[in-house]
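> Those protein sequence lines, which keep their order, are chains P and U.
Count along the first sequence from 1, then add 18; that gives the number in this note's numbering.
Count along the second sequence from 1, then add 569; that gives the number in this note's numbering.
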Amino acid sequence: MPGPLDSIEQVGEALAAERYLVDEGLATVVFLALRLRKPLLVEGEPGVGKTELAKAVAAASGSELVRLQCYEGIDVHHALYDWDYPRQLLHLRAGGTGSLYSEEFLVRRPLLEALERPGTVLLIDELDRADDEFEAFLLEFLSDFQVTIPEIGVVRSEQPPVVVLTSNRTRELHDALRRRCLYHWIDHPDREREIAIVRSRRPELSERLVQQVCTFVEEVRWLDLYRVPGVGETLDWAQALHTVGDGELTADVAERTLGALLKAREDVERVRRGHLEELAAKARDAVA
Amino acid sequence: MRSPEEAVARAVVALARGLRAAGVPAGIDEELTLCRALAEVDVRRREDVYWAGRASLLRRIDDLATFEAVFERWWGGQRLEAVGAPIAEQSESDPRMPGPQHGGESLPQFRHEGRSGHILDGKAMPALRPLELPSSADEQPGEEERRGVLAAYSPNEVLTEREPLGLGADEAATVRRLAEALKMAAPQRASRRLRPAGSVGRLDVRRTVRGSLATDGEAIRIARSSRTLRPRRLLFICDVSGSMERHSRVLLASLQGVVGADIKAETFVFATRLTRLTTTLGSADVAGALDRARSAVEDWSGGTRIGEVLAGFNAEWGRRGLARGAIAIVVSDGWDRGDPELLSRELERLQRQSRRLVWLNPRPADLGGQPLAVGMRAALPYIDDYIAGHDPHAVGQLVRLVHGLGAGRAVRRQRPSSTTSSQQRR
Chain P
19 MPGPLDSIEQ VGEALAAERY LVDEGLATVV FLALRLRKPL LVEGEPGVGK
69 TELAKAVAAA SGSELVRLQC YEGIDVHHAL YDWDYPRQLL HLRAGGTGSL
119 YSEEFLVRRP LLEALERPGT VLLIDELDRA DDEFEAFLLE FLSDFQVTIP
169 EIGVVRSEQP PVVVLTSNRT RELHDALRRR CLYHWIDHPD REREIAIVRS
219 RRPELSERLV QQVCTFVEEV RWLDLYRVPG VGETLDWAQA LHTVGDGELT
269 ADVAERTLGA LLKAREDVER VRRGHLEELA AKARDAVA
Chain U
570 MRSPEEAVAR AVVALARGLR AAGVPAGIDE ELTLCRALAE VDVRRREDVY
620 WAGRASLLRR IDDLATFEAV FERWWGGQRL EAVGAPIAEQ SESDPRMPGP
670 QHGGESLPQF RHEGRSGHIL DGKAMPALRP LELPSSADEQ PGEEERRGVL
720 AAYSPNEVLT EREPLGLGAD EAATVRRLAE ALKMAAPQRA SRRLRPAGSV
770 GRLDVRRTVR GSLATDGEAI RIARSSRTLR PRRLLFICDV SGSMERHSRV
820 LLASLQGVVG ADIKAETFVF ATRLTRLTTT LGSADVAGAL DRARSAVEDW
870 SGGTRIGEVL AGFNAEWGRR GLARGAIAIV VSDGWDRGDP ELLSRELERL
920 QRQSRRLVWL NPRPADLGGQ PLAVGMRAAL PYIDDYIAGH DPHAVGQLVR
970 LVHGLGAGRA VRRQRPSSTT SSQQRR
């Protein structure tokens with residue numbers, strides 16, 4: 019059972035126990051989100067672990083995670099509730115009595131689920147992909163934590179969920195929404211933190227390899243790449259190196275596994291042609 | 570003697586006021602949030618207060634530099650008025666933005682082998698180093714020096730006389746006309762949202778069931794719904810260096826009036842560095858933003874480094890999908906003193922991301938049959954539509970083009986019609 023989350027340190031430790039390592043800033047912000055019951059808006063480059071944060075917060079607070087993945091065109095029927103039409107039709111055809119619009123035929127979507135179950139963590143993922151109308155609807159939802167279903171009535175939350183919203187900034191979110199949230203920008207971790215993350219997530223890897231990988235990745239991030247690798251890619255790549263190689267980061271093994279780290283042809287070619295030997299040597303030297 | 574609560578409240582108000590003075594919007598809601606947040610943390614610890622303040626008052630990462638400057642002074646007990654708007658400039662600088670040191674070594678020689686080369690002089694080009702330009706200090710922006718700078722880079726360049734701007738005295742009327750035309754032509758795309766439709770579209774089960782209530786559960790009338798149309802995004806990347814500035818200004822002023830419900834536009838301006846104007850476009854400060862964008866330029870009369878600017882766009886914005894499905898419109902005369910191969914590469918990337926890539930050149934050097942600027946020639950293979958001409962006419966053409974690019978399948982036109990193939994092979 020997770021421990022109490024009554025101080026910033028405890029939040030940091032609880033998240034670390036879920037193998038999500040935070041710095042003091044993020045720990046403070048998560049602590050505040052839990053205490054003030056304010057939605058937390060997280061932005062950052064792809065792959066820095068925005069979604070993982072919500073999962074870790076849910077696990078650390080012993081709550082259930084309800085996830086709503088946003089996409090263009092998402093509306094109330096995908097996000098909040100819908101009716102089970104086939105069942106309604108069958109019910110009618112079978113000469114059933116009673117209301118068609120009762121709980122029996124209600125299909126609960128993530129937002130409604132988060133309202134009805136007390137103490138959940140609600141992840142609204144990639145909100146920037148949804149369109150303006152949905153954002154406006156969400157505004158109402160986030161300020162009152164209640165929704166009105168015309169046929170049934172008002173559904174109110176006993177204990178509002180902890181809400182984590184993420185955005186990749188493909189679209190600027192409205193200020194009105196930002197005003198309701200706490201805001202945090204997650205950066206790529208520095209070398210030390212990344213080493214700690216890989217160590218905790220992939221305990222089977224040798225310390226030596228972990229350090230070499232993280233040194234290499236940190237250098238690669240400065241190469242002005244098209245797609246800068248995130249922590250997720252680092253983990254994949256470390257795993258790949260561990261599987262293929264013999265616990266040492268060599269240019270040869272790195273070249274063959276580079277696809278786990280870099281996801282654009284230009285970047286792979288760039289690193290392969292220009293920097294691979296040099297970077298691999300540098301990574302080995304840094305650890306030796 | 571003040572109570573601790575009041576002291577905190579006063580301090581919070583002072584901080585928010587300082588931020589507002591520095592151009593970061595921080596309203597009463599944020600102040601209240603921060604007051605509540607400060608009650609939860611240790612207000613004697615700088616870290617705690619910093620993060621509580623940052624989470625409550627900061628709304629976008631672009632304002633971080635300003636926030637930090639204001640916070641620093643506030644925490645140190647200094648007066649806050651002195652922190653002014655210029656800090657905002659800092660937020661744009663990113664160590665990962667491609668600088669001159671990257672331009673040369675990033676050239677993958679396996680790509681487009683000889684493609685740019687044959688555009689230039691018939692043979693594949695060696696790996697280009699960023700050109701060493703004479704420093705701006707000993708240069709006057711006169712014709713002679715300009716020729717010197719550009720001629721060093723593009724030997725075939727024939728500089729024309731300073732061209733007329735092609736604008737009448739009443740710019741305002743032009744702006745109004747263009748705004749009106751753009752509004753009418755706003756391209757659209759199919760949204761994923763559905764709305765009730767007559768006899769076409771897909772089955773709308775929800776409404777069908779509703780309707781069947783009246784007929785005892787027999788679904789006699791089939792309800793249908795079809796996709797709605799939404800404005801398609803226009804992406805403007807406008808050159809504001811040198812005499813391009815007036816052309817861009819007219820265009821942006823036109824945009825300013827119509828961006829909103831009818832037109833979805835993202836606007837960037839560049840001289841040597843890219844500045845995003847979209848959030849500014851809603852306000853009246855377009856002129857100020859243009860001036861700021863220009864003031865960052867030391868040597869604007871020598872041309873720009875369009876390749877680097879586009880690389881910056883692709884890395885910062887394109888990567889996150891800003892150009893996806895958009896009609897990208899580059900407004901520039903193509904006087905590029907950067908690396909033409911970099912320009913080709915980044916432009917190709919932009920083209921791949923966008924639905925259609927249009928290049929609007931208000932100051933074409935080739936109207937009289939003279940060769941194009943080097944940058945322009947490097948760019949041509951990747952442009953879907955090349956519109957050359959002076960303002961009212963060219964923008965009119967743009968409007969007509971954009972109008973036809975609404976829903977349906979993306980169409981590419983690889984070769985611009987306004988140039989001959991002989992020019993590209995030079």
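Just so it is clear, CB atoms sit at the ideal spot from N, CA and C, and this is done for glycine as well.
Taking Cβ positions only, does SER625/U come closer than 9 angstroms to chain P?
Closer than 9 angstroms: yes.
> So, with DSSP's three-state summary, where would you put GLY673/U?
Any reading at GLY673/U must be qualified, since the residue scores a pLDDT of 32, below 50, and its modelled position is unreliable; no value is offered.
> I want to see whether chain P comes within less than 9 angstroms of GLU599/U, judged by CB atoms only; does it?
Closer than 9 angstroms: yes.
> Expressed to the nearest angstrom, what Euclidean distance is found between the alpha-carbon atoms of PRO57/P and ALA256/P?
If you take the alpha carbons of PRO57/P and ALA256/P, they lie about 34 angstroms apart.
> Go to ALA755/U, then tell me how far its alpha helix (DSSP H) extends in each direction, as first and last residue.
Careful: ALA755/U lies outside any alpha helix (DSSP H) and carries neither H nor E.
> Which residue wins for smallest C-alpha separation from ASN186/P, given the options ALA32/P, ALA51/P, PRO64/P, GLY30/P?
Checking every option, the nearest Cα to that of ASN186/P belongs to PRO64/P.
> Determine whether the Cβ of ARG127/P lies closer than 9 angstroms to any Cβ atom of chain U.
Chain U, which has no Cβ nearer than 9 angstroms to the Cβ of ARG127/P, makes this no.
> From the DSSP output, read off the bridge partner residues of GLN966/U.
Answer by DSSP bridge pairing: none, since GLN966/U is not bridged.
> Closer than 9 angstroms, Cβ to any Cβ of chain U: which residues of the region 230 to 262 of chain P, in chain order?
Cβ contacts with chain U come from ARG239, TRP240, LEU241, ASP242, LEU243, TYR244, ARG245, VAL246.
> If we count the other Cβ atoms within 10 Å of its Cβ and call it buried at 16 or more, is LEU782/U buried or exposed?
So LEU782/U counts as exposed.
> Helix, strand or coil for THR69/P? Go by DSSP, reduced to three states.
The answer is helix: DSSP assigns THR69/P an H, G or I state.
> Give the single residue among ALA299/P, ASP254/P, GLY62/P, GLY30/P whose Cα lies nearest to the Cα of LEU50/P.
Nearest option by C-alpha distance: GLY30/P.
> Within the same chain, show all residues whose beta-carbon is closer than 6 angstroms to that of GLU701/U, passing over the 5 residues directly before and after it, in chain order.
Note on GLU701/U: pLDDT 34, under 50, position unreliable in the model; the coordinate value appears next. Once the five neighbours on either side are set aside, GLU701/U has no close Cβ partner at all.
> Please report whether the beta-carbon of VAL639/U lies at a distance below 9 angstroms from any beta-carbon of chain P.
False, the Cβ-Cβ gap to chain P never drops below 9 angstroms.
> SER760/U versus chain P: which residues are under 8 angstroms apart at the beta carbon?
Ordered by position in chain P, the residues that pass the 8 angstroms Cβ test against SER760/U are GLU90, GLY91, ASP149.
> Taking the alpha carbon of VAL139/P as the point to measure from, which residue in ARG85/P, LEU280/P, GLU158/P has its own alpha carbon closest?
The candidate whose alpha carbon is nearest that of VAL139/P is ARG85/P.
> Just how far apart, CA to CA, sit PHE152/P and VAL60/P?
If you take the alpha carbons of PHE152/P and VAL60/P, they lie about 18 angstroms apart.
> Does the beta-carbon of SER901/U have 16 or more other beta-carbons within 10 angstroms, so that it is buried, or is it exposed?
So SER901/U ends up on the buried side.
> Kindly list the residues whose CB is nearer than 8 angstroms to the CB of ARG288/P, restricted to its own chain and excluding five residues on each side of it in sequence; keep chain order.
Counting only Cβ-Cβ distances below 8 angstroms, and skipping sequence neighbours, we find LEU241, LEU243.
> Could you tell me which of GLU637/U, VAL610/U, VAL774/U sits nearest to ALA585/U, measuring between CA atoms?
Measuring from the Cα of ALA585/U, the nearest candidate turns out to be GLU637/U.
> Among the residues of its own chain, which have a CB less than 6 angstroms from the CB of LEU110/P, if the five just before and after it don't count?
Contacts found: none.
> According to DSSP, is LEU243/P helix, strand or coil?
Three-state result, LEU243/P: coil.
> Please report how far the alpha carbon of PRO128/P lies from the alpha carbon of VAL181/P, in whole angstroms.
Cα to Cα, PRO128/P sits roughly 12 angstroms from VAL181/P.
> Name, please, each residue of chain P whose Cβ falls closer than 8 angstroms to the Cβ of LEU798/U.
Going along chain P, no residue has its Cβ under 8 angstroms from LEU798/U, so there is no contact; the nearest lies around 12 angstroms.
> Closer than 8 angstroms between beta carbons: that is the criterion. Which residues of the region 599 to 617 of chain U meet it against chain P?
Going along the region 599 to 617 of chain U in chain order, one finds GLU599, THR602, ARG605, ALA606, GLU609, VAL610, GLU616, ASP617 with a Cβ nearer than 8 angstroms to chain P.
> According to DSSP, simplified to helix, strand and coil, what is GLY876/U?
Residue state, collapsed to three classes: helix.
> Report the rounded CA-to-CA distance for ALA282/P versus GLU176/P, giving the unit in angstroms.
C-alpha separation (whole angstroms): 47 angstroms.
> Within 10 Å of its beta-carbon, does ALA72/P have 16 or more other beta-carbons around it, so buried, or fewer, so exposed?
So ALA72/P ends up on the buried side.
> For PHE234/P, collect the residues of the same chain with a Cβ closer than 8 angstroms to its Cβ; drop the 5 residues on either side in sequence, then sort them by chain order.
Excluding sequence neighbours, PHE234/P sits near LEU267, ALA272, LEU297, ALA298, LYS300, ALA301.
> Tell me, please, whether the CB atom of ARG629/U is closer than 9 angstroms to any CB atom in chain P?
Yes, ARG629/U counts as interfacial toward chain P.
> What is the residue span of the beta strand (DSSP E) that GLU835/U lies within?
That run of the beta strand (DSSP E) goes 833 to 839.
> Cα separation between VAL878/U and ARG189/P?
Going from the Cα of VAL878/U to the Cα of ARG189/P covers about 21 angstroms.
> Determine the burial state of PRO168/P: buried for a count of at least 16 other Cβ atoms within 10 Å of its Cβ, exposed for fewer.
Counting Cβ neighbours within 10 Å, PRO168/P comes out exposed, since fewer than 16 surround it.
> Using a Cβ-Cβ distance under 9 angstroms, would ILE167/P count as near chain U?
For ILE167/P, the answer is no, since every Cβ of chain U falls outside 9 angstroms of its Cβ.
> Tell me the rounded alpha-carbon separation between SER218/P and GLY80/P.
Between SER218/P and GLY80/P, the C-alpha separation is close to 20 angstroms.
> Counting beta carbon pairs with one atom in the region 87 to 95 of chain P and one in the region 114 to 121 of chain P, are three or more of them shorter than 8 angstroms?
Result no; under three Cβ-Cβ pairs closer than 8 angstroms.
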